[in-house]
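Asker: Just add 56 to wherever you are in the sequence shown, counting from 1, and you've got our numbering.
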Amino acid sequence: MCYNVKKLIYSAFWRCDMEINNVGYKFVHGGKFSVNRPRGSGDYAILFLRTEAIFTLRGADIQADAQSFILYKKGTPQFFRANGESFVNDWVHFSLDGEEENRITEMGIPFDTPVRIGDISFFSKIVKSMYQEKYSAN
57 MCYNVKKLIY
67 SAFWRCDMEI
77 NNVGYKFVHG
87 GKFSVNRPRG
97 SGDYAILFLR
107 TEAIFTLRGA
117 DIQADAQSFI
127 LYKKGTPQFF
137 RANGESFVND
147 WVHFSLDGEE
157 ENRITEMGIP
167 FDTPVRIGDI
177 SFFSKIVKSM
187 YQEKYSAN
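#1: Excluding five sequence neighbours on each side, which residues of the same chain lie with their C-beta closer than 7 Å to the C-beta of N78?
#2: From which residue to which residue does the alpha helix (DSSP H) around Q134 run?
#3: Assess, as a yes-or-no matter, whether the segment 118-130 is touched by the segment 153-167 under the definition of 3 or more beta carbon pairs within less than 8 Å.
#4: Using a threshold of 7 Å, is the CB atom of I173 nearer than that to any non-hydrogen atom of the ligand MN?
#5: Taking DSSP's pairing of strands, which residues face A109 in a bridge?
#6: With 16 as the cutoff for other CB atoms within 10 Å, does Y81 come out buried or exposed?
#7: Per DSSP, Y100 forms a beta bridge with which residues?
#8: Does the count of Cβ pairs from the segment 146-161 and the segment 113-123 closer than 8 Å reach three?
#9: Please classify C58: does DSSP put it in a helix, a strand, or coil?
#10: Given R137, which residues of its chain have a CB within under 6 Å of its CB, disregarding the five upstream and five downstream residues?
#11: Can you look up R159 in the DSSP assignment and give me helix, strand or coil?
#12: Where does N92 land, buried or exposed, given buried means 16+ other C-beta within 10 angstroms?
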């Protein structure tokens, strides 16, 4: 399945009235890094991968390339880990209402599936701005 994911993500998220719960930019972890959230994080989350990773989805391990993203639906179990010497990503945790989730689904953006988009730099800049805004002293 082919997605014009960059355009879809931009259109979907920047037309939504989302509440940002937390944000991380260029977070670096070692090769033993893993996340194990059997009940999810309690909100929606989007991760933009700067390095390869392994996701466990519906009981199967799936390798995701660098320059990919995954959009976790609220309540989806989150199991992922480094696939190399480090794990580096940008991420946003946020809240949506049901109407906004439906809009994302209708646009064809997949939930709970790693998708390679080729170049995450555009999204990294947006996440960096969000991160600076959230954690600035001003």
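We treat Cβ as the ideally placed atom computed from N, Cα and C, and that holds for glycine.
Answerer: Per the coordinate set shown:
#1: H149
#2: Premise fails: Q134 lies in the beta strand (DSSP E), Q134 to A138, not in any alpha helix (DSSP H).
#3: yes
#4: Absence of the ligand MN is noted for the structure shown, with no ligands found whatsoever.
#5: A120 and A138
#6: buried
#7: F150
#8: no
#9: The predicted position of C58 is uncertain, since its pLDDT is 38 and thus under 50; no value can be drawn from it.
#10: S90 and I110
#11: helix
#12: exposed
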